[in-house]
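Residue numbers (our numbering): 65 to 239.
Cβ coordinates follow ideal geometry from the N, Cα and C atoms, glycine included.
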Amino acid sequence: MLGLIRYFWQDLMPPLPDGWRPVLKRYVERWPKPLTPYAVAKEVELSTSAVYRAVYALAKNRLILPAGRGYQATVKGAIALLVEEEDPRWLDAVRKIWGIGIDDTTATFYLAALGAAIRKLGFTIREAYICNWVASQAYIITQLDRLRLPSAVEETIKPLLKFPEGTHHSCSRYK
65 MLGLIRYFWQ DLMPPLPDGW RPVLKRYVER WPKPLTPYAV AKEVELSTSA
115 VYRAVYALAK NRLILPAGRG YQATVKGAIA LLVEEEDPRW LDAVRKIWGI
165 GIDDTTATFY LAALGAAIRK LGFTIREAYI CNWVASQAYI ITQLDRLRLP
215 SAVEETIKPL LKFPEGTHHS CSRYK
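Written out as structure tokens, the structure is:
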């Protein structure tokens, strides 16, 4: 079922070269702990300069963001790994970062609808403001009637949708 997420998100993702993947994995696995590039370089089988280049590229694509003296994964990073690997642990990471307790099917349907809505609006993962769970709902709410999703998907996600009020800017730390 995770292939459904890949279908809707694949074109919205930046390329994720092999050298970036272990770095991104380390940040997502260690969320919410911020890590310096040097700390990551000690844990992965890449040169320090390769890790620094990967961190710069991941931050530029908003898959990780500055946090104190280090960097921290965003939900976008977890989604990128989920799309690339279709591994359920990255679906768990998405739920953990968003702070939501929904089952696998509901999370999969929600992410599929979110990817479809972002695509319909012409955004990529870098441009979309989805680091906040409540703010991510705005994309689906505004496009739900146009997405032509299967009725099972719509019925599953509709109870989750609430128009966002007072969201904070958790994705705007990187300039």
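Given a threshold of 16 other Cβ atoms within 10 Å of its Cβ, counted over all protein chains shown, does residue i qualify as buried or as exposed?
i, result
"Ser-200", "buried"
"Leu-178", "buried"
"His-233", "With a pLDDT of 46 at His-233, under the threshold of 50, the modelled position of that residue is not reliable, and the figure given next carries that caveat. With fewer than 16 other Cβ atoms within 10 Å, it is exposed."
"Leu-169", "It is Thr, not Leu, that sits at residue 169 in the sequence shown. Thr-169 comes out exposed."
"Ile-182", "buried"
"Leu-185", "exposed"
"Ala-144", "buried"
"Thr-220", "buried"
"Met-77", "buried"
"Tyr-91", "buried"
"Lys-226", "exposed"
"Lys-89", "buried"
Please state whether DSSP places residue i in a helix, a strand or coil.
i, result
"Ile-128", "strand"
"Leu-211", "coil"
"Ser-236", "Because Ser-236 sits at a pLDDT of 48, beneath the cut-off of 50, its placement in the model cannot be relied upon, and the following sentence gives the value as read from the coordinates. The answer is coil: DSSP assigns Ser-236 none of H, G, I, E or B."
"Leu-80", "coil"
"Leu-99", "strand"
"Thr-121", "For the record, residue 121 in the displayed sequence is Ala; it is not Thr. Looking at Ala-121 - three-state DSSP - the assignment turns out to be helix."
"Gly-67", "helix"
"Ile-194", "coil"
"Leu-146", "helix"
"Thr-188", "coil"
"Gly-165", "coil"
"Leu-224", "helix"
Which two residues bound the contiguous beta strand (DSSP E) that contains residue i?
i, result
"Gly-134", "134-137"
At what residues does the alpha helix (DSSP H) containing residue i begin and finish?
i, result
"Glu-109", "Here Glu-109 belongs to no alpha helix (DSSP H), and DSSP marks it neither H nor E."
"Thr-172", "168-185"
"Asp-156", "152-162"
"Lys-89", "85-93"
Original post:
Does the stretch 144-156 touch the stretch 100-108, meaning 3 or more C-beta pairs lie closer than 8 Å?
Top reply: Because the criterion of three Cβ pairs below 8 Å is not met, the stretch 100-108 and the stretch 144-156 do not touch.
Subject >> At least three beta-carbon pairs within less than 8 Å, the stretch 206-215 to the stretch 94-104 >> reply: Contact between the stretch 206-215 and the stretch 94-104 is absent: fewer than 3 CB-CB pairs across the two stretches fall below 8 Å.
Subject >> At least three beta-carbon pairs within less than 8 Å, the stretch 151-167 to the stretch 112-130 >> reply: No, they do not touch.
Original post:
Taking contact to mean at least 3 C-beta pairs separated by less than 8 Å, is the stretch 86-101 in contact with the stretch 66-74?
Top reply: Contact fails: fewer than three Cβ-Cβ distances are below 8 Å.
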